[in-house]
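When the letters of the sequence shown are read in order and numbered with the working numbering, they come out as residues -12 to 262.
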Amino acid sequence: MEQKLTDMRLAVLGTGKLGGILLRAYLKQGLFAPKNVSATVKRGEKAAALAKELGVAVTTENRKAVQGADIVLLGVKPQVVGDVLKEIAPKLTAKTLVISVAASVPTSYIEQRLRGKVPVVRAMPNTPSTVGCGMTGICRGAHAGAEHLETARAMFDAVGRTVVVDEKNMDAVTGLSASGPAFAYIILESLAEAGVKVGLPRDVATLLAAQTMKGAASVVLETGDHPALLKDAVTTPAGCTIDGILELEEGKLRVTLIKAVVKATSRAGELLFEK
Ligand SMILES: NC(=O)c1ccc[n+]([C@@H]2O[C@H](COP(=O)([O-])OP(=O)(O)OC[C@H]3O[C@@H](n4cnc5c(N)ncnc54)[C@H](OP(=O)(O)O)[C@@H]3O)[C@@H](O)[C@H]2O)c1
C-alpha cells in the first residue's frame, strides 16, 4: 500500500448496520483518523446521534461527504446505490477508490454511473465483523488494480478474514458467508434448545452450543483438516455420536443447508432490481 490508511480520507455513505460495524471498528483500531472520516445516513436525527457517538462528521449530504475523500465506502441498500452514485459522480476522480458492500450490485453498474476510470472494489462482509470475526469476499472492477484490492483487504482484515474471488462468485459469497451467520444462529439456537430438552439450564445450554460451534470452526481453520475427517474422529464405533448423526441424516440436515445457500445465492442476484 503506497499510502497508509491513517493518512487517507474515508467517506462512509450509508452508515447503517454494516457501515456502522465497519466504521466503529476502524475508529476503535485507529485505522483511520477521526478528522479524516466523514459519514452519511438518510435521516438528520440519526446523523446527529452518530456524530455524537463516533466523534466524526456525520451528515445527510453525500456529495459534501465525498469531497476530498480517498476512499468512498458505499454502505447503502442495493436499491439506493444508483441514486447515491448520481449524487456523488461529479466529485469522484480516478484517484478515488470506491468500495461497495451492496449485495447484488456489480462493479460494472457502479462504473457506468461514474465519470472516468474510477477504481471500484466490490466487497461482501458479514455481521460477525462486529467482534473482529468477520468473513469478507472481495473482487475488483475493471479500473481497480492490485493496490486497490490491497487497500480493501486491509480494511476488511481489520474486522476478520478476507478472500479475493472472481466477481462471478460474489452472489455465492453472499449466500454462504453473508447470509451464513443467520443459518448458524438457527443451528446454534436449536442445539441450545436440545440442551434444554435433555435437562440443561438454558444459559448453560447456549454456552455449550456456542463454544462447541466456535471450537469446531476453529479446528477447521487452524488445522485445515477436512470436516469429514474431524467428524470421524469424534464418532466412536457404536458410541452415542453415530446415533445422533443418524438422526441428522434422516432429518436431511445436509441437503437442507445446501438448499438454503443455493436459494440465498440466487436471491442475492435479484436485490438490485427491486424498488
Ligand atoms: N447486514 C448485513 O449482514 C450485510 C452483509 C453484507 C452486506 N450488506 C450490505 O450492506 C448494505 C447495508 O445493509 P445494512 O444491513 O447495513 O442496512 P441498513 O442498516 O438499513 O443501512 C443502510 C443505511 O443507509 C442509509 N441511507 C439510506 N438512504 C441513504 C442515502 N440516500 N444517502 C446516505 N445514506 C442513506 C440509512 O440511513 P438511516 O439510518 O438514516 O435510515 C442507513 O443508515 C446493503 O447494501 C447490504 O446488501 C449487509
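Positions of the beta carbon are idealized from the N, C-alpha and C atoms, including for glycine.
Within 10 angstroms of the Cβ of Ile173, are there 16 or more other Cβ atoms? Answer buried if so, exposed if not.
Walking along the sequence shown from the start, residue 173 turns up at place 186. With fewer than 16 Cβ atoms within 10 Å of its Cβ, Ile173 is classed as exposed.
Give the straight-line distance between the Cα atoms of Thr161 and Val152, rounded to the nearest whole angstrom.
Along the sequence shown, read from residue 1 onward, the residue named residue 161 stands at position 174. Along the sequence shown, read from residue 1 onward, the residue named residue 152 stands at position 165. One C-alpha to the other measures close to 12 Å.
Coil, strand or helix - Thr223 by DSSP:
Within the sequence shown, residue 223 is the residue found at index 236, counting from 1. Three-state DSSP puts Thr223 in coil, outside helix and strand.
Can you look up Ser87 in the DSSP assignment and give me helix, strand or coil?
The residue given as residue 87 occupies position 100 in the sequence shown. If DSSP states are grouped into helix, strand and coil, Ser87 belongs with the strands.
Closest to Glu40 by CA distance: which of Asn156, Ala26 and Arg50 is it?
Stepping through the sequence shown from its first residue, residue 40 is reached at position 53. Comparing Cα-Cα distances from Glu40 to each of Asn156, Ala26 and Arg50, the minimum goes to Ala26.
Exposed or buried, Gly1, counting other C-beta atoms within 10 Å across all chains shown (16 or more means buried)?
In the sequence shown, counting from the first residue as 1, residue 1 sits at position 14. Buried.
With DSSP run on the structure shown, which of helix, strand or coil describes Arg109?
Counting from one through the sequence shown, the residue named residue 109 turns up at place 122. If DSSP states are grouped into helix, strand and coil, Arg109 belongs with the strands.
Going by other Cβ atoms of all chains shown within 10 Å of its Cβ, with 16 needed for buried, is Gly62 buried or exposed?
Mapped onto the sequence shown, residue 62 falls at position 75. With 16 or more Cβ atoms within 10 Å of its Cβ, Gly62 is classed as buried.
Report yes if the CB atom of Ile264 is closer than 8 Å to the CB atom of Val108, and no otherwise.
As shown, the chain starts at -12 and ends at 262. That puts residue 264 outside it, with no answer to give.
For a quick check, are the C-beta atoms of Pro168 and Asn113 less than 8 Å apart?
As a position in the sequence shown, residue 168 is number 181, starting the count at 1. As a position in the sequence shown, residue 113 is number 126, starting the count at 1. For Pro168 and Asn113, yes; Cβs fall inside 8 Å.
Taking one C-beta from the stretch 135 to 149 and one from the stretch 35 to 53 each time, how about it: are there three or more such pairs within less than 8 Å?
no
Can you tell me which of the three DSSP states Val207 falls into?
Along the sequence shown, one-based indexing puts residue 207 at 220. DSSP, read as helix, strand or coil, puts Val207 in helix.
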